[in-house]
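I have placed the structure first, in the form of structure tokens, so that the comments after it can refer back to it.
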Amino acid sequence: AQSVTQLGSHVSVSEGALVLLRCNYSSSVPPYLFWYVQYPNQGLQLLLKYTTGATLVKGINGFEAEFKKSETSFHLTKPSAHMSDAAEYFCAVGSGGYQKVTFGTGTKLQVIP
Amino acid sequence: EAGVVQSPRYKIIEKKQPVAFWCNPISGHNTLYWYRQNLGQGPELLIRYENEEAVDDSQLPKDRFSAERLKGVDSTLKIQPAELGDSAVYLCASSLEGAGGPKGNEQFFGPGTRLTVL
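Each protein sequence line maps, in turn, to chains A and B. Heads up: the first sequence runs through residues 6 to 118, numbered per the numbering used here. Heads up: the second sequence runs through residues 233 to 350, numbered per the numbering used here.
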């Protein structure tokens with residue numbers, strides 16, 4: 006079984022401030038972890054993913070995430086928020102050979118000018 | 233390269249009416265997914281196809297929902313009859329192989345069909 010918990014359904018940051026979106030996962034096997042972004046009335050777009058290897062993963066638009074096995078976390082960060090980052094972000098977990106991906110409930114990011 | 237195409241983008245129907253959604257995945261992607269996304273929630277898998285075979289339909293409400301993927305390319309998801317609780321966004325996604333699989337291939341999502349049942 007696998008699951009994802011995203012802490013905070015809404016997060017507000019000022020433009021230029023650090024973005025931190027939290028994700029904790031549960032998986033009975035080594036996880037594959039994903040962050041997706043969804044803009045209004047659009048489908049989900051992959052920001053970054055962790056499968057194996059380096060635990061710090063860099064993605065598009067300046068985002069990165071760090072896989073911490075001891076904390077079962079995969080938090081998403083960006084040093085400086087931009088207005089265009091306002092969207093909903095979904096963390097997801099997959100389990101290798103099971104080929105099923107489970108999504109979290111999402112965090113809506115608001116960027117304040 | 234064209235992305236995942238879905239139609240229609242919006243659909244409003246009366247309860248008890250049938251409705252169908254169509255999806256054309258990215259060329260060469262053998263895995264296709266249908267998800268339902270309720271307001272304020274993440275996508276929930278309804279069915280996953282590997283080529284034309286439905287390999288995971290455990291979350292598909294089979295009394296009213298059906299899906300097909302003829303020839304392993306396009307897919308159609310049908311609801312008959314629709315209920316008020318079916319109002320949601322229906323997302324189609326595709327990947328080269330099962331997402332979360334050994335290569336961790338990402339899923340590419342279409343824009344979704346927003347269904348409103350009155």
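Glycine included, every Cβ here is placed at the ideal spot set by N, Cα and C.
Cross-strand partners of residue 326 of chain B (DSSP beta bridge): Residue pairing by DSSP places residue 326 of chain B opposite B:264 and B:340 in a beta bridge.
Distance cutoff 8 Å, beta carbons only. Does residue 51 of chain A sit that close to anything in chain B? Chain B contact via Cβ: present.
Nonlocal neighbours in the same chain, by C-beta distance under 6 Å from residue 254 of chain B, ignoring five residues either side: So the qualifying residues of the chain are 239 and 308.
By the 7 Å beta-carbon criterion, what residues does the stretch 290-310 of chain B contribute toward chain A? Listed in sequence order: no entries.
Count Cβ pairs between the stretch 248-262 of chain B and the stretch 313-326 of chain B that sit closer than 8 Å; are there 3 or more? Verdict: yes, contact present.
Simplified DSSP state of residue 350 of chain B, which is helix, strand or coil: Note: residue 350 of chain B maps to coil in three-state DSSP.
Does the beta carbon of residue 351 of chain B sit closer than 8 Å to a beta carbon anywhere in chain A? Absent from the model: residue 351 of chain B. The displayed extent of chain B is 233 to 350, so no value can be given.
Near residue 250 of chain B, which residues of its chain fall below 6 Å by C-beta distance, leaving aside the five closest residues on each side in sequence? Only 312 meet the Cβ criterion.
Show which residues of chain A have a CB atom less than 7 Å away from the CB atom of residue 323 of chain B. Neighbours of residue 323 of chain B on chain A, chain order: 48.
What span of residues does the beta strand (DSSP E) with residue 273 of chain B cover, start to end? Element bounds for residue 273 of chain B: n/a, residue is neither H nor E.
How big is the Cα-Cα spacing for residue 98 of chain A and residue 349 of chain B? Their backbone Cα atoms lie some 31 Å apart in a straight line.
Quick check: the Cα distance between residue 321 of chain B and residue 247 of chain B, rounded to an integer number of angstroms? Taking the straight line from one Cα to the other gives about 16 Å.
For residue 277 of chain B and residue 300 of chain B, the rounded distance between their alpha carbons: The straight-line gap from Cα to Cα measures roughly 15 Å.
Can you list, in chain order, the residues of its chain whose CB lies under 6 Å from that of residue 36 of chain A, leaving out five sequence neighbours each side? For residue 36 of chain A, the CB contacts under 6 Å within the same chain, skipping 5 residues up- and downstream, are 30 and 98 in chain order.
To the nearest angstrom, how far is the alpha carbon of residue 11 of chain A from that of residue 79 of chain A? In this model, residue 11 of chain A and residue 79 of chain A are separated by some 10 Å (Cα to Cα).
How should residue 73 of chain A be labelled, buried or exposed, when 16 other C-beta atoms within 10 angstroms of its C-beta is the threshold for buried? Around the beta carbon of residue 73 of chain A, fewer than 16 other beta carbons lie within 10 angstroms, which makes this residue exposed.
Where residue 56 of chain A and residue 18 of chain A are concerned, what is the direct C-alpha to C-alpha distance, given to the nearest angstrom? Between residue 56 of chain A and residue 18 of chain A, the C-alpha separation is close to 29 Å.
Just checking, does the stretch 88-95 of chain A make contact with the stretch 37-50 of chain A on the three C-beta pairs under 8 Å criterion? Contact annotation: the stretch 88-95 of chain A touches the stretch 37-50 of chain A, with at least three C-beta pairs closer than 8 Å.
Reduced DSSP secondary structure (H/G/I, E/B, other) of residue 311 of chain B: In the structure shown, residue 311 of chain B sits in a strand (DSSP, three-state: E or B).
Using alpha carbons as the reference points, say which of A:46, A:26, A:81 and A:66 lies closest to residue 60 of chain A. Looking at the Cα atoms, A:81 is the closest of the given residues.
Residue from A:105, A:110, A:113 and A:114 with nearest C-alpha to residue 34 of chain A: The shortest C-alpha separation from residue 34 of chain A is found at A:105.
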